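Chemist: Can you keep this structure in mind? I'll have questions shortly.
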Amino acid sequence: AAGVIQSPRHLIKEKRETATLKCYPIPRHDTVYWYQQGPGQDPQFLISFYEKMQSDKGSIPDRFSAQQFSDYHSELNMSSLELGDSALYFCASSLGGDSFYGYTFGSGTRLTVV
Amino acid sequence: GDSVTQMEGPVTLSEEAFLTINCTYTATGYPSLFWYVQYPGEGLQLLLKATKADDKGSNKGFEATYRKETTSFHLEKGSVQVSDSAVYFCALSSGGTSYGKLTFGQGTILTVHP
Numbered sequence: 003a004a005g006v007i008q009s010p011r012h013l014i015k016e017k018r019e020t021a022t023l024k025c026y027p028i029p030r031h032d033t034v035y036w037y038q039q040g041p042g043q044d045p046q047f048l049i050s051f052y053e054k055m056q057s058d059k060g061s062i063p064d065r066f067s068a069q070q071f072s073d074y075h076s077e078l079n080m081s082s083l084e085l086g087d088s089a090l091y092f093c094a095s096s097l098g099g100d101s102f103y104g105y106t107f108g109s110g111t112r113l114t115v116v
Numbered sequence: 011g012d013s014v015t016q017m018e019g020p021v022t023l024s025e026e027a028f029l030t031i032n033c034t035y036t037a038t039g040y041p042s043l044f045w046y047v048q049y050p051g052e053g054l055q056l057l058l059k060a061t062k063a064d065d066k067g068s069n070k071g072f073e074a075t076y077r078k079e080t081t082s083f084h085l086e087k088g089s090v091q092v093s094d095s096a097v098y099f100c101a102l103s104s105g106g107t108s109y110g111k112l113t114f115g116q117g118t119i120l121t122v123h124p
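In structure tokens, the structure reads:
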């Protein structure tokens with residue numbers, strides 16, 4: 003069965019650079035969520051989109067932005083990267099804008115800022 | 011706001027031992043409750059869920075019962091295997107304006123020895 007696809011799997015950037023993470027949801031899923039998981043930490047909600055509109059916003063820095071496109075894939079853009087942005091970034095998708103049945107996570111993008 | 015508290019870890023057990031990982035929560039309204047498992051280097055996988063009081067979620071020998079009176083959702087397994095070694099996260103979704111957003115506990119590392 004198709005899963006949530008994230009790219010790239012690994013990314014190394016220098017401080018003050020820009021990074022773009024991509025997420026391709028399960029086919030027919032219309033909702034995408036982004037989470038950040040620091041080393042040894044629990045995942046923290048960043049932002050979500052339902053039908054291409056932002057549906058909720060968490061602890062996402064102003065340096066980050068995201069959008070969902072017409073094909074429902076989503077991109078997380080991160081600018082002026084800082085060492086503290088090094089983390090595992092997860093994308094998840096669901097149908098109908100809720101997590102009532104739990105949603106499906108991708109394998110994540112590991113971002114390392116040096 | 012919503013919060014999830016898991017028992018302090020890590021937990022180390024011998025194969026075939028009984029497992030309990032405690033989870034308590036604070037939320038407005040009637041949240042849905044989840045357990046997710048994360049294997050090394052992988053994304054989060056939904057293990058089980060419960061959406062209303064007294065519901066019991068179960069999967070792969072793991073069980074958890076939604077206890078509204080004690081605001082708990084403890085994870086149990088009667089006989090663990092080495093392959094169960096992973097990080098386990100308790101999570102909730104409270105709906106409302108945070109529709110779909112998951113709030114995670116801090117995670118519990120489980121190591122099972124042969």
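For the record, the sequence lines run as chains H and X.
Note that the numbering used here gives residue 33 to position 31 of the first sequence, counting from 1, and the numbers run on in steps of one.
Note that the numbering used here gives residue 90 to position 80 of the second sequence, counting from 1, and the numbers run on in steps of one.
Backbone N, C-alpha and C define an ideal beta-carbon position, used for all residues, glycine too.
Quantities reported herein were computed from a predicted structural model and do not represent experimental measurements.
1) Could you check if residue 55/H is buried or exposed, using at least 16 other CB atoms within 10 Å of its CB as the buried criterion?
2) Just how far apart, CA to CA, sit residue 57/H and residue 70/X?
3) What did DSSP end up calling residue 144/X once you bin it into helix, strand or coil?
4) In this structure, how does DSSP classify residue 86/H when only helix, strand and coil are distinguished?
5) Could you work out which residue in 108/H, 14/H and 33/H is closest to residue 54/X when comparing CA atoms only?
6) Going by DSSP in three states, residue 109/H sits in which element: helix, strand or coil?
7) I need the straight-line Cα distance from residue 75/X to residue 83/X, nearest angstrom please.
8) Say whether chain H places a C-beta atom closer than 8 Å to the C-beta of residue 83/X.
9) Spell out whether any CB of chain X is found under 8 Å from the CB atom of residue 45/H.
10) Quick check on residue 58/H - is its C-beta less than 8 Å from some C-beta in chain X?
11) If the cut-off is 7 Å on Cβ atoms, which residues from the stretch 33–54 of chain X count as contacting chain H, listed in chain order?
12) Given a threshold of 16 other Cβ atoms within 10 Å of its Cβ, counted over all protein chains shown, does residue 64/H qualify as buried or as exposed?
Modeler: Let's see:
1) exposed
2) 33 Å
3) The structure shown does not extend to residue 144/X, since chain X spans only 11 to 124, so no value can be given for it.
4) helix
5) 108/H
6) coil
7) 6 Å
8) no
9) yes
10) yes
11) 42, 44, 52, 53 and 54
12) exposed
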